[in-house]
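A.B. asks:
2 protein chains.
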Amino acid sequence: MSARKKEDEAREKPASLKILADYLGLCPATVSVVLNDVPGRSIPQKTRDRVRAAARKFNYQPSLLARSLRKKRTFTIGVLVPELSDGYHTMVMSGIGDHLMREGYFYLSAHHRHKPDMIEEYPRILMGRGAEGLIAIDTALSHPLPLPVVAVAGHQKIAGVTNVVLDHLRAAELSLGHLYQLGHRHIAFMRGQPFSADSDDRWSSIVAVARKLNIEIKPDLVVQLERDLTSPELGYPVVQQLLQSNQRFTAIVSFNDIAAIGAIRALRDANLGVPDDVSVFGFDDINLSAYHNPRITTIRQPLRGMGETAARILLQRLQGFKNYPQELAVPPELIIRETTAPPGKRALRRARP
Amino acid sequence: MSARKKEDEAREKPASLKILADYLGLCPATVSVVLNDVPGRSIPQKTRDRVRAAARKFNYQPSLLARSLRKKRTFTIGVLVPELSDGYHTMVMSGIGDHLMREGYFYLSAHHRHKPDMIEEYPRILMGRGAEGLIAIDTALSHPLPLPVVAVAGHQKIAGVTNVVLDHLRAAELSLGHLYQLGHRHIAFMRGQPFSADSDDRWSSIVAVARKLNIEIKPDLVVQLERDLTSPELGYPVVQQLLQSNQRFTAIVSFNDIAAIGAIRALRDANLGVPDDVSVFGFDDINLSAYHNPRITTIRQPLRGMGETAARILLQRLQGFKNYPQELAVPPELIIRETTAPPGKRALRRARP
DNA sequence: TTCATCCAGACAAACGTTTGTCTTGTAAGT
DNA sequence: ACTTACAAGACAAACGTTTGTCTGGATGAA
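Each protein sequence line maps, in turn, to chains A and B.
Numbered according to my numbering, the first sequence spans residues 3 to 355.
Numbered according to my numbering, the second sequence spans residues 3 to 355.
1) Residue range of the beta strand (DSSP E) that residue 111 of chain A falls in?
2) Does DSSP put residue 260 of chain A in a helix, in a strand, or in coil?
3) Quick one, are the C-beta atoms of residue 101 of chain B and residue 310 of chain B less than 8 Å apart?
4) Starting from residue 28 of chain A and walking both ways along the beta strand (DSSP E), at which residues does that stretch end?
5) Pick out whichever of B/93, B/210, B/147 and B/243 has its Cα sitting closest to the Cα of residue 172 of chain B.
6) So residue 226 of chain B is in the beta strand (DSSP E); what residue range does that whole segment cover?
7) Can you give me, in chain order, the residues of the stretch 40-68 of chain B that have a beta carbon less than 9 Å from any beta carbon in chain A?
8) What is the C-beta distance between residue 140 of chain A and residue 163 of chain A, in whole angstroms, given that I count them as a contact (C-beta under 8 Å)?
9) Let me see if you follow: with CB-CB separation under 8 Å, is residue 21 of chain B close to chain A or not?
10) Using the beta-carbon of each residue, which ones in chain B are nearer than 9 Å to residue 233 of chain A?
11) Quick check on the DSSP output: the beta strand (DSSP E) that includes residue 152 of chain B runs from which residue to which?
12) Which two residues bound the contiguous beta strand (DSSP E) that contains residue 229 of chain B?
13) When you compare the CB positions of residue 142 of chain A and residue 80 of chain A, do they come within less than 8 Å of one another, or not?
14) May I have a chain-ordered list of the alpha helix (DSSP H) segments no shorter than 4 residues that lie completely inside the stretch 293-337 of chain B?
15) Report the residue from B/308, B/277 and B/286 whose alpha carbon sits nearest the alpha carbon of residue 342 of chain B.
16) Please confirm if residue 141 of chain B has its CB atom under 8 Å from at least one CB of chain A.
17) On a Cα-Cα basis, can you pick out the residue from A/346, A/136 and A/340 that is closest to residue 280 of chain A?
18) For residue 182 of chain A and residue 227 of chain A, which I take to be in contact (beta-carbon distance under 8 Å), what is that distance rounded to the nearest angstrom?
19) Chain A partners of residue 92 of chain B, CB-CB under 7 Å?
20) Going by DSSP in three states, residue 161 of chain B sits in which element: helix, strand or coil?
21) Cβ of residue 112 of chain A less than 8 Å from any chain B Cβ?
22) Sort B/59, B/82, B/167 and B/185 by Cα distance to residue 304 of chain B and report the nearest one.
23) Residues in its own chain within less than 7 Å of residue 26 of chain B by CB, not counting five upstream and five downstream?
24) Along the beta strand (DSSP E) that carries residue 136 of chain B, what are the first and last residues, could you check?
25) Span of the beta strand (DSSP E) holding residue 189 of chain B?
26) Distance, Cα to Cα, residue 29 of chain A vs residue 45 of chain A?
27) Using C-beta distances below 6 Å, list every residue in its chain close to residue 96 of chain B, excluding the 5 sequence neighbours before and after it, in chain order.
28) Buried or exposed: residue 291 of chain A, going by 16 or more other Cβ atoms within 10 Å of its Cβ?
29) What does the alpha-carbon distance come out to for the pair residue 16 of chain A and residue 145 of chain B?
30) Would residue 108 of chain A pass as an interface residue toward chain B - the criterion being a Cβ-Cβ separation below 8 Å?
31) Residues of chain B with a CB under 7 Å from the CB of residue 137 of chain A: which are they?
32) What residues are listed by DSSP as bridge partners for residue 281 of chain A?
33) Looking only at its own chain, which residues have a Cβ that is under 6 Å from the Cβ of residue 330 of chain B, when we skip the five neighbours before and after it?
34) Just to confirm before moving on: does the CB-CB distance between residue 270 of chain A and residue 339 of chain A stay below 8 Å?
35) Please decide whether residue 207 of chain B counts as near chain A, where near means a Cβ-Cβ distance under 8 Å.
36) Of all the options A/308, A/123 and A/322, which has the alpha carbon lying nearest to the alpha carbon of residue 332 of chain A?
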């Protein structure tokens, strides 16, 4: 009986303020005042209780649409992301979502698959839907927008856009430093896809650090990722290509962990052991890197933390905080596992036929 | 100059219908009529052109808030999900997002981490925010809701909720059939966490198929996942526990691929080879299963397809389609890779000390 | 009694749209 | 010249809130 009643209530559409007011013999404004605890209004406690009881009884849920229209606050953020099923993006989104929901905001997400027309169109649509601010993950924004924007892994400096980025120089120091210390001098590199926001920064940092360490970057040992994939298949063919060049190398610096997994597989399929013959260095430290076989040595990006940071900055900006940073670099962390070791002999032997 | 102008426009907040109307010397209603191509209204082409030109000039973007309030359509869906960073959920969400955006809908997602009070609260909030329907992924809804709901991997039959589920019986036939055919008779099982919607269905299907195949399920060879994790750490300790029981088994049926990876690692750490000593059977076929070392034999759930199906059904229901199915089972697929092989000798030897 | 005060709540306008109805002005038909 | 008809657009109400102002009545003080 009581369960049945509860069920019925849950089935009903929430009542409007007017219905509630009619039922109570009050006017909608008064009901609104009570339910929102508007200060400076004198409503006797008895009436307040009646109103609250009725609200419960009718399962009243204010329409955020109407409220937003009136108050010009929606507590909604737009999130732009290239792809929903990718580990990097979802990790960042997870941090974003955590922080936003904790602060009472919701978010609309839109994925654009790096298509420029969508990247152009979605911010407008999201604004039309009341987004108060935007967070863009790995998205190549091209011009300023009339609302606060925070970009994660954005590489452009755009007015009004706060960039939350990894400290790529530090990351390159950690990765190349580690390999150098192990004794590697002949290192192959994988460059990220042109559409990926981090690609250029990460590459120029590597170039800078390699120069500092006196590591030569041979053009033949640099391969370029092209495909828009989120599976290890990404890294497989380029490493095959690398092997066919027959150049000597003892280590590969992969663009990310996913590609590193593909790289390891390509090496294995070519009968090369990791790390016995070739060391592989990942990037990101996704969930699975620690459980891959062999466990992947990598640079950890605090992805969830970057998402939270992005959300936090955006909310601060929404609250009128003016002196927001134009860029915020977060420090990477070196995670040494099993895919790196001192240079192997077979790879060298193989390179001198 | 032109670029500069374009930039300025992009910086401006979109103008309202009233501003446009004032500028044009028309009334807002007329402008609305033109921009929406309302049929049955006679507006001369000349005026139409003027209106459209002005809309472009002022970068007009209709407020979906206001429109929704008036039309009582928001083209917004609420998505309930336990966790944003999990591969299973994001894969399904990816399918959902694809279909919804293709059809001009946006979605608000909310993650609840399996907390009952949030699962109770969020649907209300999402409704308040104008969600026309809900998609719940792996979420234990407890009662009917006053709007169309589609559940992916939901295990309850609830009025008004369409369940999109995997055909678990078929999945069990495929997995156990495969192991049986290889010669396995002593099989260990991993049961999913109690809060995971699929756990019970999957288990009862396994029990049913095992009975049919005359495979005995020994209580000592059944371990229960408890922790709310999305990393392989999930499967590690339970397999250690299994090994300590010192019971003979030649194969493990894991609850999912993530846990299978943890299981493989636990076996390896106990000096047992996969599949030489013990076969491991996964579930889900996540991106990385094909690239894990060894490649994981598993059941593929068409996750993205399930997401798309869920979104499609929901949209059909929103369009007033009444004869929607109460449940829709999608067929799994057996993916044979490297973690299963005929029973190993060492595992048997080990079990008879 | 006569103000002034204050309480409780009503009233109205506004947010930005959409849509049904009404009004003008012009052109065509008789 | 007088309807009739239609084109072009104005007008108003509505969606569900919020918020500033206003009012009627009760209460208190002088």
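Note that beta-carbon positions come from the ideal geometry of N, C-alpha and C, so glycine has one too.
The structure displayed is predicted, hence computed values, not measured ones.
C.D. replies: Per the coordinate set shown:
1) DSSP places residue 111 of chain A in the uninterrupted beta strand (DSSP E) bounded by 108-113.
2) Here residue 260 of chain A sits in helix by DSSP.
3) Residue 101 of chain B is a Cβ neighbour of residue 310 of chain B, given a cutoff of 8 Å.
4) Unbroken run through residue 28 of chain A: none, as it is neither H nor E.
5) Checked all of B/93, B/210, B/147 and B/243; the closest Cα to residue 172 of chain B is B/210.
6) Under the DSSP assignment, residue 226 of chain B falls in the beta strand (DSSP E) whose first and last residues are 224-226.
7) Those would be 61, 63, 64, 65, 66, 67 and 68, in chain order.
8) About 14 Å; that fails the 8 Å criterion.
9) Answer no: the Cβ-Cβ gap between residue 21 of chain B and chain A never drops below 8 Å.
10) Close partners of residue 233 of chain A in chain B (Cβ separation under 9 Å): 289, 290, 292 and 293.
11) Start and end: 151-154.
12) Looking at the DSSP string, residue 229 of chain B is not in any beta strand (DSSP E), and its letter there is neither H nor E.
13) Contact flag unset, no.
14) Secondary structure within the stretch 293-337 of chain B: the alpha helix (DSSP H) runs of 4 or more consecutive residues, fully enclosed, are 305-320 (chain order).
15) Of all alpha-carbon atoms in B/308, B/277 and B/286, the one lying nearest the alpha-carbon of residue 342 of chain B is that of B/277.
16) With its beta carbon at least 8 Å from every one in chain A, residue 141 of chain B lies outside the interface.
17) For the options A/346, A/136 and A/340, the alpha carbon positioned closest to that of residue 280 of chain A is the one of A/346.
18) Actually they are not in contact, since the Cβ atoms of residue 182 of chain A and residue 227 of chain A sit about 24 Å apart, beyond 8 Å.
19) Within 7 Å of the CB of residue 92 of chain B, the CB atoms of chain A belong to 86, 87 and 92, in sequence order along the chain.
20) Residue 161 of chain B falls in the coil class under three-state DSSP.
21) Chain B contact via Cβ: present.
22) Check the Cα spacing between residue 304 of chain B and each of B/59, B/82, B/167 and B/185: the tightest is with B/167.
23) Answer for residue 26 of chain B: 33, 52, 53 and 56, listed in chain order.
24) Boundaries of the beta strand (DSSP E) around residue 136 of chain B: 135-139.
25) Counting along the chain, residue 189 of chain B sits inside the beta strand (DSSP E) bounded by residues 189-193.
26) Residue 29 of chain A and residue 45 of chain A: Cα-Cα distance of roughly 13 Å.
27) Hits under 6 Å: 306.
28) With 16 or more Cβ atoms within 10 Å of its Cβ, residue 291 of chain A is classed as buried.
29) In this structure, the CA atom of residue 16 of chain A is about 16 Å from the CA atom of residue 145 of chain B.
30) Closer than 8 Å: yes.
31) Correct list: empty, because the minimum Cβ distance to chain B is about 13 Å.
32) Bridge partners of residue 281 of chain A: A/253.
33) If you ignore the 5 residues before and after residue 330 of chain B, its C-beta comes within less than 6 Å of the C-beta of 166, all in its own chain and listed in chain order.
34) No. Outside cutoff.
35) Not one chain A Cβ lies under 8 Å of residue 207 of chain B.
36) With distances taken between Cα atoms, residue 332 of chain A lies closest to A/308.
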